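Chemist:
Numbering (the numbering used here), first residue to last: 1186 to 1397.
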């Protein structure tokens, strides 16, 4: 009887892990990018890993900078302890935020922000010009830049908060889910669900799978 119970528990855990893995929305399907600086905490008798991210927003213009701190706090406070994001000085930060003076012509004009992640060898996870996945990029991301489009400086404060929170989700390895998923990583029209500027249950579940 005891053996049967153990087998059943193993099956349940395996199925749960399968669900978490298959429902996760990766930044690049088949390429599980993860933030490189992963630490752990001890809680409830178990060790839990989390992404430790140092960011700097001093290069955002005045239209975007007012939402910077709330966006990084969104992940620290709403990620089920799988992300700790903290502001750091220039030179110490590993994720730097910028507002372009002129949006690059090779990026679509309707893109509000674009995040570029780099491995330890300086390979970007996408080609910055074409946006095509770079298969030479390692899975461990050590640096990222979040680049905001100056032409969208007049969107609402909540919309800017959503965008900055969304882009940091990419840094953590999250991609765009299906259009029906309630997620901070939703793309297209701005969502209308409650607390739409915060990471959602789906995002937290993915991070638990990414950083168990």
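Using N, Cα and C, we set each Cβ at its ideal position, and we do this for glycine too. Keep in mind that this is a model prediction, so the values were computed, not measured.
Applying the 10 Å Cβ sphere with the 16-neighbour rule, what's the burial state of residue 1362?
Modeler: Start at 1 with the first residue of the chain shown, and residue 1362 comes out as number 177. Classification of residue 1362: buried, given that the 10 Å Cβ count is 16 or more.
Chemist: Given a cut-off of 8 Å on the beta-carbon distance, is the pair residue 1270 and residue 1238 in contact?
Modeler: Within the chain shown, the letter at position 85 stands for residue 1270. Within the chain shown, the letter at position 53 stands for residue 1238. Cβ atoms of residue 1270 and residue 1238: closer than 8 Å.
Chemist: What's the C-alpha gap between residue 1325 and residue 1300?
Modeler: What you label residue 1325 is simply residue 140 of the chain shown in a count that begins at 1. What you label residue 1300 is simply residue 115 of the chain shown in a count that begins at 1. The straight-line gap from Cα to Cα measures roughly 15 Å.
Chemist: DSSP three-state label for residue 1233, please.
Modeler: Here residue 1233 is taken as the residue at index 48 of the chain shown, counted from 1. In the structure shown, residue 1233 sits in a strand (DSSP, three-state: E or B).
Chemist: To the nearest angstrom, report how far apart residue 1316 and residue 1225 are at their CA atoms.
Modeler: By one-based count along the chain shown, residue 1316 stands at place 131. By one-based count along the chain shown, residue 1225 stands at place 40. Going by the C-alpha atoms only, they are around 33 Å apart.
Chemist: So does the stretch 1377-1386 actually touch the stretch 1344-1357, counting three or more Cβ pairs closer than 8 Å?
Modeler: Yes, they touch.
Chemist: Got a sec: does the ligand FAD put a non-hydrogen atom nearer than 7 Å to the Cβ of residue 1294?
Modeler: Ligands are entirely absent from the displayed structure, and the ligand FAD is therefore not among its contents.
Chemist: What is the rounded straight-line gap between the Cα of residue 1327 and the Cα of residue 1321?
Modeler: Sequence index remark: in the chain shown, residue 1327 carries index 142 (1-based). Sequence index remark: in the chain shown, residue 1321 carries index 136 (1-based). C-alpha separation (whole angstroms): 15 Å.
Chemist: For residue 1392, name the three-state secondary structure that DSSP assigns.
Modeler: The sequence position of residue 1392 within the chain shown is 207, counting from 1. Correct three-state label for residue 1392: helix.
Chemist: Taking only the alpha-carbon atoms, compute the straight-line gap between residue 1275 and residue 1244 and give it to the nearest angstrom.
Modeler: On the chain shown, position 90 is the one that residue 1275 refers to. On the chain shown, position 59 is the one that residue 1244 refers to. In a straight line, the C-alpha of residue 1275 is about 10 Å away from that of residue 1244.
Chemist: With the cut-off set at 8 Å, would you say residue 1219 and residue 1394 are in Cβ contact?
Modeler: Position 34 of the chain shown, counted from the start, is the residue given in the question as residue 1219. Position 209 of the chain shown, counted from the start, is the residue given in the question as residue 1394. No, Cβ-Cβ distance for residue 1219 and residue 1394 is not below 8 Å.
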